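So the structure is just underneath, and the comments pick up after that.
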Amino acid sequence: MAILFLTPSVNSAARWADGLRKEFEDEDIRINSGPEGDADVEFAVVWKPPPGRLAALPNLKVIFSIGAGVDHVFADPDLPKDVPIVRLINETLTTQMTEYVVMNVLWHHREMDDYAILAAAETWRHLHPPRTPDRRVGIMGLGVLGSAAGDALARFGFSLAAWTREPRDWPLGEVFSGPEGLAPFLGRTDILVCQLPLTPETTGILNARSFAALPQGAVLINAARGGHLVESDLLEALKTGRLKGATLDVFADEPLAPGHPFWSCPKVRVTPHIASLTYPDAAARTIARNIARFRAGEPLIGLVDSAREY
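Counting along the sequence shown from 1, when you hit position 279 you're at 278 in numbering that gives the first Met the number 0, and nothing is skipped either side.
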């Protein structure tokens, strides 16, 4: 049996190899090897695998994403249709994303951008944000990451709501669902947090129409995927004052290019896709447990619905 690690990021390859070898001491771990001689590869651990590369593995049993998102896997037009895909679910990823969302919701709730402007002008003035029960936070997506962020925000007493693909029960707030539920959800949301998977249905969902449905002066936090956001629509919404501000961790093209308007827009906080980082040692342990489950005939944790692409 062989495990193949596929990534265009040469810098991270060695760390991943070390992490995997610690978990699979007796297994053959390969990094970005050519298709010749890979007939014995049963498991592929991937991040943005080259198109067609997975289809060239005749005995491939499972594809493991090293991130919570799997849009990079489905971007392959030759992706094998009968091979299960598993997204990464582990405590480290979830904790980091929760930290990021809570930090930025609190930042915007307490109007820290305004205080930064006042401090730059050497102005001592108190602002008066609403109390947390009066601040309405809306979470798009109630998967593992969105649910964990909601749990943490609930401890502060925010008025919570969520938007999901299908109806579901959520004890922390009202759930809006489906296309018909999007506008009502946005209409009651002061701070919008995107935690959606990127699929054909959610691509470009953060657009002018969505921003127009938000209350005047709402704030956006996007820690999901850059493909969710129509960047020009956000810049226009910020320019007109429809939105007060935005925190963006993900972008259509990464790294964000020098000279991009987001760098210089005073209403945008940019972070370089660091909301939730994958640590090779922790991820390798998660993948090892899943491979053991597969060999034992047990259900895989994080199995993706290929029809929905998440």
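Think of the CB as a built atom: it goes at the ideal place given N, C-alpha and C, for glycine as much as any other residue. Only a predicted model underlies this, so the values are computations on that prediction, with no experimental measurement involved.
- As DSSP reads the structure, residue 65 sits in no beta bridge.
- Residue 148: not part of any beta strand (DSSP E); member of the alpha helix (DSSP H) spanning 143-153, first to last residue.
- Per DSSP, residue 23 lies in no beta strand (DSSP E) and is assigned neither H nor E.
- For residue 5, the uninterrupted beta strand (DSSP E) segment begins and ends at 1-5.
- Counting along the chain, residue 181 sits inside the alpha helix (DSSP H) bounded by residues 177-186.
- The way I'd put it, the segment 108-123 doesn't touch the segment 165-175; fewer than three beta-carbon pairs between them come closer than 8 Å.
- Look at residue 163 here: in three-state DSSP terms it is strand.
- Under DSSP, the beta-bridge partners assigned to residue 139 are 162 and 193.
- Distance from the Cα of residue 232 is smallest, within the candidate group 211, 220, 246 and 248, for 211.
- For residue 81, DSSP assigns no beta-bridge partner whatsoever.
- The DSSP-derived three-state label of residue 97 is helix.
- In this model, residue 300 and residue 87 are separated by some 8 Å (Cα to Cα).
- By DSSP's assignment, residue 27 forms a beta bridge with 1.
- At a Cβ-Cβ threshold of 8 Å, residue 72 and residue 62 count as neighbours.
- In this structure, the CA atom of residue 193 is about 7 Å from the CA atom of residue 140.
- Counting only runs of 4 or more residues that sit fully inside the segment 240-296, the alpha helix (DSSP H) segments are 260-263 and 279-294, in chain order.
- Pairwise C-beta distances place the segment 94-109 in contact with the segment 267-278, as three or more of them are shorter than 8 Å.
- Boundaries of the alpha helix (DSSP H) harbouring residue 72: 70-73, taken from the DSSP string.
- Remark: C-beta atoms of residue 149 and residue 196 do not approach each other more closely than 8 Å.
- Residue 49 holds the alpha-carbon nearest to the alpha-carbon of residue 8 among 201, 25 and 49.
- Under the criterion of beta carbons closer than 8 Å, residue 218 and residue 243 qualify as touching, at roughly 6 Å.
- In this structure, residue 69 lies away from residue 151, with their beta-carbon atoms at least 8 Å apart.
- Where residue 212 is concerned, the enclosing alpha helix (DSSP H) starts and stops at 207-212.
- Cα atoms of residue 198 and residue 76: separation of roughly 14 Å, rounded to the nearest angstrom.
- Between the segment 26-45 and the segment 3-18 there are three or more C-beta pairs closer than 8 Å, enough to call the two in contact.
- Of the candidates 235, 227 and 202, 227 places its Cα closest to the Cα of residue 247.
- Secondary structure of residue 303 (DSSP, three-state): coil.
- Residue pairing by DSSP places residue 228 opposite 205 in a beta bridge.
- The C-alpha of residue 14 is placed about 25 Å away from the C-alpha of residue 293.
- Straight through space, the alpha carbons of residue 26 and residue 41 are spaced by roughly 11 Å.
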